[in-house]
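Residue numbers (the numbering used here): 160 to 410.
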Ligand code: HEC
Ligand code: HEC
C-alpha cells in the first residue's frame, strides 16, 4: 500500500475547527466544505479526492451518492469518520459531499431534500458498519507486535503528533487518555475518533494487533498497559466497548 500518512498528517495540521459553530444546522455544503473538508480535499499534498477533480471523482460518482456519503460518514481508509468533526449531523455532512460531487460534474442534491435518499444513506451506513464488523472477525491476528505495528502504521502521525495526534512518549498528552481506561480508549481509536481514522487507516489490521500498538504507545507515555491479546477478559471488554460505541454511533 502506498498511502501517504505523513503527508496526510501534515495537511491535517490546518484542520483547526470551531466545532460549536459547525453543529449549527443552517450550514450549506459549501460553508462546511470550506471549514472542515478543504484542508484535505482542497489543494494540498493529501491523497484525498480533490475538489473539482473530475477524474478523481468519476469512480466515486459512479458508486452513487448513498454509498459514497455513507462511507465517508463512517470513515474509510485515511478519511476520518465525519471528516473529523464528531458533532456533525448526517445532513450537514451529506450536503458537503454533494457540494464536492457537483463541483466534479455530478448532479447530486442536498440529501435532506429527498427522504428516500436519506434512507438509502442510512441503509448504506448500516451495511458499511456491518461489513467492517464482519471483517474485524475474519482478519487473522498475524501476531505482529505492538512496536512493529506502531513502526509500520501509527508512527506516521503519532511520532511527532501531527494533526493533534497524541505523540508517543508525550506523558502530558496521554494522561487524560490513560484515564479513560484501556478498553474504552482502544475501542474508540479502533472505530475512529475525530481526526483519527478507523484502525489507523488499515482495514487489514486485526483488533489484537491494533490493541497491542495502543498498549505500546501507552507504555511509552506513562501507562502500565499490558498487551491485551494475552488477556482474554481485557479483549472481551474491548469488544464490549466497541459494541457500545457502535450502537452510539448508529443513532
Ligand atoms: C484529515 C483529512 C480529511 C478531512 C478533514 C476530510 N477528508 Fe474526506 N477523505 C480523506 C481521504 C484521505 C480520503 C480518501 C480515502 C480513500 O479512499 O483512501 C477521503 C475520502 C472522502 C470521500 C470518499 C469516500 C469513499 O467512498 O471513498 C468523501 C465522500 C469524503 N472524503 C468527504 C469528506 C467531507 C464531506 C469532509 C468534510 C466534512 C471530509 N471528507 C474531510 C481525507 C479527509
Ligand atoms: C493518519 C494519521 C493517524 C494514523 C496513521 C494513526 N493515528 Fe491515532 N490518532 C490520530 C489523530 C489525529 C488522533 C487524535 C484524535 C483526537 O483526539 O482528536 C489520534 C488518536 C489516537 C488515539 C486516542 C484516541 C482517543 O480516544 O482520543 C489512539 C489510542 C490512537 N490514535 C491509536 C493509533 C494506533 C494504534 C495507530 C496505528 C495502528 C494509529 N493511531 C494511527 C491520527 C492517526
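Heads up, the beta-carbon is just placed ideally off N, CA and C, and yes, glycines get one too.
Small disclaimer: the values here were computed from a predicted structure and weren't measured.
Item checked: For residue 401 and residue 289, the rounded distance between their alpha carbons -> 13 Å
Next item on the list: Determine the burial state of residue 231: buried for a count of at least 16 other Cβ atoms within 10 Å of its Cβ, exposed for fewer.
Entry: buried
Margin query: Which of the three DSSP states is assigned to residue 226 in this structure?
Written below: Assignment of residue 226 by DSSP, reduced to helix, strand and coil, places it in the helix class.
Check: Taking C-beta to C-beta, are residue 370 and residue 387 nearer than 8 Å?
Finding: yes
Next item on the list: Evaluate residue 224 with the Cβ neighbour count: other Cβ atoms within 10 Å of its Cβ, from every protein chain shown; 16 or more gives buried, anything less gives exposed.
Entry: Around the beta carbon of residue 224, 16 or more other beta carbons sit within 10 angstroms, so the residue counts as buried.
Next item on the list: Determine the direct distance from the alpha carbon of residue 266 to that of residue 351, and round the result to whole angstroms.
Entry: 30 Å
Notebook entry, point to check: Among 285, 275, 315 and 210, which has the Cα closest to the Cα of residue 263?
Noted result: 210
Next item on the list: Let me know the secondary structure DSSP gives residue 244 once reduced to three states.
Entry: coil
Notebook entry, point to check: Is residue 352 helix, strand or coil when you go by DSSP?
Noted result: strand
Checklist line | Cutoff 6 Å; reference residue 379; Cβ partners in own chain excluding five residues on either side | finding: 327 and 328
Margin query: Only counting the same chain, and skipping five residues up and downstream in sequence, which positions put a Cβ closer than 6 Å to that of residue 182?
Written below: Unreliable placement is indicated for residue 182, whose pLDDT of 49 sits below 50; the coordinate value is still reported in the next sentence. Around residue 182: 246.
Notebook entry, point to check: Hey, would you say the C-beta of residue 369 is under 7 Å away from at least one heavy atom of ligand 2?
Noted result: yes
Next item on the list: Report the partner residues of residue 235 according to the DSSP bridge assignment.
Entry: 238
Margin query: Just to confirm, is the Cβ distance from residue 354 to residue 308 under 8 Å?
Written below: no
Next item on the list: Give the straight-line distance between the Cα atoms of residue 196 and residue 259, rounded to the nearest whole angstrom.
Entry: 10 Å
Note to self: Any heavy atom of ligand 2 closer than 7 Å to the beta-carbon of residue 360?
What the structure shows: yes
Check: So, are the CB atoms of residue 384 and residue 374 less than 8 Å apart?
Finding: yes
Margin query: I need the DSSP call for residue 384, collapsed to helix, strand or coil.
Written below: coil
Notebook entry, point to check: Which residues in the same chain have their Cβ closer than 7 Å to the Cβ of residue 319, if we skip the five residues on either side of it in sequence?
Noted result: Its chain contains 326 as the residues whose beta carbon lies nearer than 7 Å to that of residue 319, once the 5 sequence neighbours on both sides are disregarded; these appear in chain order.
Check: I think residue 235 touches residue 256, with their Cβ atoms under 8 Å apart; what is that distance to the nearest whole Å?
Finding: Their Cβ separation, rounded to whole angstroms, is 12 Å, which puts residue 235 and residue 256 out of contact at 8 Å.
Note to self: Is any non-hydrogen atom of ligand 1 found closer than 7 Å to the C-beta of residue 354, if you look at the structure I gave you?
What the structure shows: yes
Notebook entry, point to check: Between 295, 280 and 287, which lies nearest to residue 253 when the distance is taken from Cα to Cα?
Noted result: 280
Margin query: Going by C-alpha to C-alpha distance, which of 301, 362, 408 and 311 sits closest to residue 237?
Written below: 362
Item checked: Beta-carbon proximity list for residue 390, same chain, < 6 Å, skipping 5 on both sides -> none
Margin query: ligand 1 and residue 219: does the residue's C-beta get closer than 7 Å to at least one heavy atom of that ligand?
Written below: yes
Check: Can you tell me where the alpha helix (DSSP H) with residue 191 in it begins and where it stops?
Finding: Looking at the DSSP string, the run of the alpha helix (DSSP H) that includes residue 191 is 188-191.
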